[in-house]
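Report on one structure; see the data block that follows.
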Amino acid sequence: MFRYERPQKGRKRQFCQAGIELIGDSSINADIEVIQIATLILKELDIQAELQINFIGDLESLDGYRKYLRDYLKEYKSSTDEKLYSRLIRNPLRAMDSKDANIKELMKNEKKYLNSSQQIN
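Next comes the structure, spelled out in structure tokens:
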């Protein structure tokens, strides 16, 4: 895919992307297959890359993590911009990639959520 965009802070004018999609299979084996294909393509193209995998769990764990983040963020309501706070409470996962310096600092201090079977990384 190739896309041309207007220049913006932190974005390049041109954007190139390649993707792999596996439709109709939500198993872990499908994820492994996609990762293996991507790794093979990068090796064939002699592209040095580092694979980093982030996993926030299944839907049940994700709901628990959202609740945990909401509760965590509520502790800092008085030190957070009201409009930003409102957005974060509606969708607390936005805090994970917020550009706001205060939110970035809060997320550095946030303890990692654990449940009995999965860890949020």
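In terms of the working numbering, the sequence shown opens at residue 1426 and continues consecutively. Here a beta-carbon is modelled for each residue, glycine too, at the ideal position from N, C-alpha and C.
With a threshold of 16 other beta carbon atoms within 10 Å, Thr1505 meets it and is buried. Looking at Pro1432, Tyr1493, Asp1471, the one whose alpha-carbon comes closest to that of Met1521 is Tyr1493. In terms of Cα proximity to Ile1460, the closest of Ile1472, Leu1447, Leu1470, Asp1471 is Leu1447. Excluding residues up to 5 positions away in sequence, Ala1520 lie with their Cβ nearer than 6 Å to the Cβ of Ile1528 in the same chain. Contiguous alpha helix (DSSP H) elements confined to the segment 1437-1519 occur at 1453-1469, 1484-1499, 1507-1515, taking only those with 4 or more residues. Between the beta-carbon of Tyr1501 and that of Leu1531 there is about 6 Å, and that keeps the pair under the 8 Å contact cut. Secondary structure note for Met1532: its alpha helix (DSSP H) is the uninterrupted segment 1526-1534. Rounded to whole angstroms, the Cβ separation of Leu1513 and Leu1498 is 5 Å, and the two are in contact under 8 Å.
Between Ile1462 and Ile1445, the gap from beta carbon to beta carbon is short of 9 Å. Straight through space, the alpha carbons of Glu1458 and Leu1470 are spaced by roughly 18 Å.
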